[in-house]
Amino acid sequence: IADSGVHGSTREAVGGLRRRYENDPDNIGPRINRLGTLTQNAITALDQADAPALGAAMNEAHTVLAELSLSLPVLDDLAETARAAGALGAKLTGGGLGGCVIALVTGEPAARRVRAALERAGAPATWNYRMRISEVDE
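Residue 31 in the UniProt record's numbering is what sits at position 31 of the sequence shown, and the numbering runs on without skipping anything.
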């Protein structure tokens, strides 16, 4: 996880998206629906412990979020830096318009490599989090 150093406002992000949707539902609606599909793809990838599929869903979700004007150049740069350093996927997290980027890697060497690249790219703070997949009762 890499902090962009930009404080995001979920209220501003959601309000702006709502206004864009109201003004252009034919353009914005399909993108919002695509995010729903990508979320389902991510859930399936987690259920199947399929890290490459999860990474692909993350990458596409970031692209769609950028198309919805919820990303910023610094978030795009951090996501691309993580991918270039070997992350399977990277996307903004939270409401957008600032905040953090989350990247998916497999193994400690890749985590160290991606974290170092994000720090070199100017992320003011980074964290590694080991993800464990377990069964959840619905």
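Note that the Cβ used here is the ideal one computed from N, Cα and C, for glycine as well.
Excluding the five sequence neighbours on either side, which residues of its own chain have a C-beta within less than 7 Å of the C-beta of residue 119, listed in chain order? 126
Endpoints, beta strand (DSSP E) assigned at residue 103: 100-104
Compare the Cα-Cα distances from residue 131 to each of 122, 105 and 112 and report the closest residue. 105
How would you call residue 83, buried or exposed, if buried means at least 16 neighbouring beta carbons within 10 angstroms? buried
Same chain, Cβ closer than 7 Å to residue 34, neighbours up to 5 away in sequence not counted: 64
Nearest to residue 36 (by Cα), restricted to the options 50, 62 and 11: 62
Coil, strand or helix - residue 123 by DSSP: coil
Ends of the alpha helix (DSSP H) at residue 17? 10-23
I'd like to know if the region 51-62 and the region 11-29 are in contact, where contact means that at least 3 CB-CB pairs between them fall below 8 Å. no
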